[in-house]
Structure formats: structure tokens, C-alpha cells
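Peer 1:
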Amino acid sequence: MAEFLMEGGHPLHGSVAVSGAKNAALPACIASLLTDEPVILREVPVLLDVSTILYTLSALGKRVVRNEGSVSIAGGNRLQSEANPYSVRKMRASFLVLGPLLARLGEAVVPLPGGCAIGARPVDLHLEGLRALGAHVVQRDGVVRVVADRLVGAEFSFPFPSVGATEQVLMTACLAQGRTTLRNAAVEPEVLDLIALLQSMGAVIAVEGRTISIDGVRALRGTEHALIPDRMEAGTLLLAGLITGGRVVVSPARVDHMQSFLDTLREMGVQVILDGDTIGVERASRCDAVVVETSPYPGFPTDLHPQLVACLALGRGTSRLREQVFERRFAYTDGLRSMGARLDVQGQQLTVHGVDRFRAQRVEAPDIRGGAALVLAGLAAQGQTTITDVGHIERGHENLVGKLQELGASIERREEPASSSSVVG
């Protein structure tokens, strides 16, 4: 396993490039299952999660060619209906192959998913949505099998706007007969980017508020599509500048995708500088306390919650954050506490009492976003901080060490030395 070593206490300054969105790349790759024609995706980040998805598609019979910044996915061998258990159990997004395989082949067999342990995130809504379209679903021994002689459009209402379930049912409905209407659907920018991709493939989709209407077609075609910039990476890099007292500029960025986050920064007393697809931030003093609730888009994104808390922990006064998306998002708080943060967790409510400084520490990354929060804390702490198990972080952040180095951070990645207990003599 790898670890990050950093010498904190140095303000970050400069401009840095934002990668294509990981959360747009994963469903976009899977959407290629809906056609045998080539789907070419540009601005694809180099991430372990993306590699896992591409491996899954290859095992299903797709021909995958990866070039710098782009991926071409086309028909190769005969499409298989059963997904590779290793890749699906390794990463939750792989479960999204279920609906597209069903739509193309009339059946699919997919193991239940894995991923970061930040909450229950059951797949019930995925399966209920597929049932609404006419699928017969059997779940046994950790595997889901779905079968349908034909899929027929239907009306389906989500009890809450689940991103994954929306993407699952949306892709499946593109090849169903008739109209499907999804109510209370997720409308995150990454979902809308998937819709733009599907439309360029010939899907007939309309969005009004949280209602998505899909008129099924007989077949979809190949296309070329550029992914949107990663708003989570952009936010993380901006917060790295703030927590170190520097000035960081990111581009390309979609300001319209980041309004809730940027509004929160302004409430914290941060100066936000906008110029086209460029966002810059700086602060004259410690950040002010705020009250924040995470919620589905256009609310404050749960994937920037831990990084924001790292900044607030060095701010003035007492901040409060309520997590309303994932019930186990707080695993990172143990690491921040060991570095000197004063944090109180009561249920889904987090109270942050600002402190003057962090102390360098050896901490473990619990998940993608919690690990990023610990990196930010290490950049602000005096002395050398070591973060272990950084594979979690690297699942969601392309070349994070290199980008932080561009901004002046003293950080390096190295393989963890083997422990003496693992040596066999």
C-alpha cells in the first residue's frame, strides 16, 4: 500500500487544471453497453475506479482502447450477460451495468456492489425501478439476476433523488417501449451529463425540474462526448488553498455546477474570483463559522463535506454541519481529532469548534473524500504528516500529489514499508 508524506505549514499558490468528472466518467463508460457502435469519451480522468469500470466492460465483451485523456469503447466479442464478480464487488458504480445489459440482452446477472463504507446505500431503488419497467428480479446469495421478455415504459417516483438509481433506470428506459417518466429524480450535473451523452447517441429525453421523461427507441448509435469538469476536485483544490492561507485558481470549472459550494465560501468570508471557466479563492483572515446542510443537487454536495470541515476546524467560532445524504460520512473525524480538531458528532449533526492550529500526525485515509480532508489538514499542520492507505484517495482524485506540488505543496507519494509482522523468515 502507498502513503503520502507532507511537510505542512506552507501556503499554496498558483493555477491548476481540473480533470474530467469521475462521477460522470463511470456512468458514461457504462452507457456504451447500450450500443455496438464506438463511443468515444474525452476528458476521462486516469483513476483506479475508471480502470475498474473499463475492465468490467472488457470482460463483458467490449473492445476498450485508452489513449491520453480519451477512451474508445466499441463492440468486440459477443456481449455477455454476467458481470465479473471481482470488479463489481470492488466498486459500487459497476452495478450500473445491470440495466443496460438487461435492455440489450433481456437478462443480466450482477453481484451486489462494494465501494466506500460511507452508508448503507442499498440497491433497492435500482431494482424497484427495473421492476417498474417489467423486469423480473431475483436476489440470492449476493447476486442479482434480472430477466425481461420486453421492457415497457412506466411512471416511477423515487422516494429520494438517488443518483445511482436514477442513472440505472434512465439508461435502461432508453431502450424500453414507450414513455418512461421518472419523478423526484436526481439532477446532479453528472446525471445531466449522462443525459447529454445519451441524447447524442439518439435517446429521446426531456428534463423538467426533477422529472425526467424518456421515450424509448429501438437502438442507440455511437458518439463522441467530452465529460464535464470535476466539481469535487475543483472544490478540494480550492479548499487546499484556503486551509493553507494561499491563493489557488482552478480551471476549467463550471461555476453553474458549484453555486452552493461557492455561496458557502462567501459566507465564510472568502473572496471568490470568477472569470469565465476559472475560479480563484483567497482569504484575508481565518474563515468565519457557518451552518451547512448537505443535500442533493443543487444543495451543498456531500462529497465536499469532509474537506469543508477540515477548513472550518481552523476557522473562527463554532460551525455546524448536518449530513443528509450518507449516514456514515464521519469516519474521517477520528483522524482530524488526532491532529487537534475539536469535533462533536451527534447522529447526523457535526459541531466544529475552531482551533488555532493542527499538529502533524500519522493517520489513515478512511475513504475517498475523508482521505482528501486529511490531506488538507496535513498541508496546514506544522511538521510532517503521513497519510496511509491512500488507495482510497487515489480512487477519486487524478494525480492529486502532482497537482498539489504544482501549487507549492511539500508532498510526496511512496510505497509503505512492509511491517516486520509480514516478513516470513
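Oh and the sequence shown: position 53 is 53 in the numbering used here, straight run, nothing missing.
A virtual CB, placed ideally from N, CA and C, is assigned to each residue, including glycine.
Computed from a predicted structure; not experimentally measured.
Could you give the distance in angstroms between the alpha-carbon of glutamate 293 and the alpha-carbon of arginine 395?
Peer 2: Between glutamate 293 and arginine 395, the C-alpha separation is close to 25 Å.
Peer 1: May I ask you to report which of helix, strand or coil DSSP gives phenylalanine 158?
Peer 2: If DSSP states are grouped into helix, strand and coil, phenylalanine 158 belongs with coil.
Peer 1: By the three-class DSSP mapping on this structure, what secondary structure does valine 16 have?
Peer 2: Residue state, collapsed to three classes: strand.
Peer 1: From Leu5, Arg66, Ala240 and Asp230, pick the residue whose C-alpha is nearest to that of glycine 14; which is it?
Peer 2: For the residues Leu5, Arg66, Ala240 and Asp230, the minimum Cα distance to glycine 14 belongs to Ala240.
Peer 1: Quick one: residues in its chain with C-beta nearer than 6 Å to the C-beta of methionine 258, no 5 flanking neighbours on either side, listed in chain order?
Peer 2: Closer than 6 Å at Cβ, skipping near neighbours: Arg231.
Peer 1: So who's on the other strand from threonine 278, going by DSSP bridges?
Peer 2: Asp275, per the DSSP bridge assignment.
Peer 1: Using the three-state DSSP reduction, which class does asparagine 84 fall into: helix, strand or coil?
Peer 2: In this structure, asparagine 84 counts as coil in the three-state DSSP scheme.
Peer 1: Sorted by chain position, which residues of the same chain lie with C-beta nearer than 8 Å to arginine 104's C-beta, five sequence neighbours on each side aside?
Peer 2: Around arginine 104: Leu33, Leu34, Leu79 and Leu175.
Peer 1: So for methionine 6, helix, strand or coil by DSSP?
Peer 2: In the structure shown, methionine 6 sits in a strand (DSSP, three-state: E or B).
Peer 1: The beta strand (DSSP E) that contains alanine 206, what's its start and end?
Peer 2: 204-208 is the extent of the beta strand (DSSP E) around alanine 206.
Peer 1: How should alanine 219 be labelled, buried or exposed, when 16 other C-beta atoms within 10 angstroms of its C-beta is the threshold for buried?
Peer 2: It is exposed - the Cβ of alanine 219 has fewer than 16 other Cβ atoms within 10 Å.
Peer 1: Mapping DSSP to helix, strand and coil, what is aspartate 344?
Peer 2: In the structure shown, aspartate 344 sits in a strand (DSSP, three-state: E or B).
Peer 1: Sort out for me which residues DSSP pairs lysine 62 with in a bridge.
Peer 2: DSSP output for lysine 62 lists Gly75 as bridge partner(s).
Peer 1: Straight-line CA distance for glutamate 412 to alanine 2?
Peer 2: Answer to the nearest angstrom: the Cα atoms are 10 Å apart.
Peer 1: If we require 4 or more residues per run, which alpha helix (DSSP H) segments fall completely within the region 244-274?
Peer 2: Here the runs fully enclosed are 259-267.
Peer 1: Quick check on this structure: which residue in Ser58, Gly61, Arg414 and Leu376 has the alpha carbon closest to the alpha carbon of glutamate 233?
Peer 2: It is Leu376.
Peer 1: Counting along the chain, where does the alpha helix (DSSP H) carrying aspartate 230 start and finish?
Peer 2: From DSSP, aspartate 230 is part of no alpha helix (DSSP H); its letter is neither H nor E.
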